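Chemist: Take a look at this one; I'll ask things after.
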Amino acid sequence: EIENLQLSTDQRDVAEAALNGRTVTCAQGGDLLGVVKLGLMKRMVAFGVLRGRISDLPEGLPVLLRPLSGQILQDVGQQFGKDSFEPEMYTQAFSSRSSATESTVPTARATPVTAATITSGQNHWPKVARA
């Protein structure tokens, strides 16, 4: 499984191979970004692996962004959400220290300030990786 891989580049390669020719939901993309260890690699997976494969944008954008913080959250939010990305919903996450070169910790995850959060009670990524 992807969680057991030590190198972030290996995680990216496995994700890319598993998603070849497939689309995923924002929840699945968020689950994938959540298991990638380094913040900078999360950005690379978002832009290199997930771009063009997300099927439920912009509705699912908050779920996709949940494992991100700081500048990476802003970059991915703007790219994937376009006009529907509202940076002010993520002010707490923007003020977090950048996770570009460190592992992210659960307390630094992006959570929209408003109550209009989309929650996914399931981890969909293992289903995609095994399929």
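Heads up, the sequence shown is in the working numbering, so the first residue is 16 and it goes up one at a time.
No residue lacks a Cβ here, since even glycine has one placed at the ideal position from N, Cα and C.
No experiment lies behind these values; they were computed from the predicted model shown.
Based on DSSP bridge pairs, tell me the residues matched to V39.
Modeler: Start at 1 with the first residue of the sequence shown, and residue 39 comes out as number 24. Answer is I69, bridged to V39.
Chemist: Expressed to the nearest angstrom, what Euclidean distance is found between the alpha-carbon atoms of T38 and Q89?
Modeler: Within the sequence shown, residue 38 is the residue found at index 23, counting from 1. Within the sequence shown, residue 89 is the residue found at index 74, counting from 1. C-alpha separation (whole angstroms): 23 Å.
Chemist: Is it right to say A32 is buried, meaning 16 or more other beta carbons lie within 10 angstroms of its own, or is it exposed?
Modeler: Position 17 of the sequence shown, counted from the start, is the residue given in the question as residue 32. Under this definition A32 is an exposed residue.
Chemist: Specify the secondary structure class of E11 as computed by DSSP and reduced to three states.
Modeler: The chain is shown only over 16 to 146; residue 11 falls outside these bounds and no answer can be derived.
Chemist: If you draw a straight line from the alpha carbon of V60 to that of L48, how long is it in whole angstroms?
Modeler: Taking the first residue of the sequence shown as 1, we reach residue 60 at position 45. Taking the first residue of the sequence shown as 1, we reach residue 48 at position 33. The alpha-carbon atoms of V60 and L48 are separated by roughly 7 Å.
Chemist: Kindly indicate the opening and closing residues of the alpha helix (DSSP H) around D90.
Modeler: Within the sequence shown, residue 90 is the residue found at index 75, counting from 1. Unbroken alpha helix (DSSP H) run through D90: G85 to G96.
Chemist: Using a Cβ-Cβ cut-off of 6 Å (strictly less than) and excluding sequence neighbours within five positions of G92, which residues of its own chain qualify?
Modeler: Start at 1 with the first residue of the sequence shown, and residue 92 comes out as number 77. The residues are L80 and F100.
Chemist: Please confirm whether C41 and L76 have their CB atoms less than 8 Å apart.
Modeler: Stepping through the sequence shown from its first residue, residue 41 is reached at position 26. Stepping through the sequence shown from its first residue, residue 76 is reached at position 61. For C41 and L76, yes; Cβs fall inside 8 Å.
Chemist: Please name the residue, chosen from Y105, D71 and V64, that lies closest to G85 on a Cα-to-Cα basis.
Modeler: Numbered from its first residue, the sequence shown carries residue 85 at position 70. Taking only the C-alpha atoms, the option nearest G85 is Y105.
Chemist: Does the separation of the CB atoms of G44 and I69 fall below 8 Å?
Modeler: To locate residue 44, count along the sequence shown from 1; it is residue 29. To locate residue 69, count along the sequence shown from 1; it is residue 54. Yes, the Cβ-Cβ distance between G44 and I69 is below 8 Å.
Chemist: Might you give, ordered along the chain, the residues of its own chain that have their beta carbon closer than 6 Å to the beta carbon of R58, omitting 5 neighbours on each side?
Modeler: By 1-based counting over the sequence shown, the position of residue 58 is 43. Answer for R58: I87, listed in chain order.
Chemist: What is the DSSP secondary structure of E74, counted as helix, strand or coil?
Modeler: As a position in the sequence shown, residue 74 is number 59, starting the count at 1. Residue state, collapsed to three classes: coil.
Chemist: With DSSP collapsed to three states, give me the class of P82.
Modeler: Looking up residue 82 in the sequence shown gives position 67. In the structure shown, P82 sits in coil (DSSP, three-state: anything other than H, G, I, E or B).
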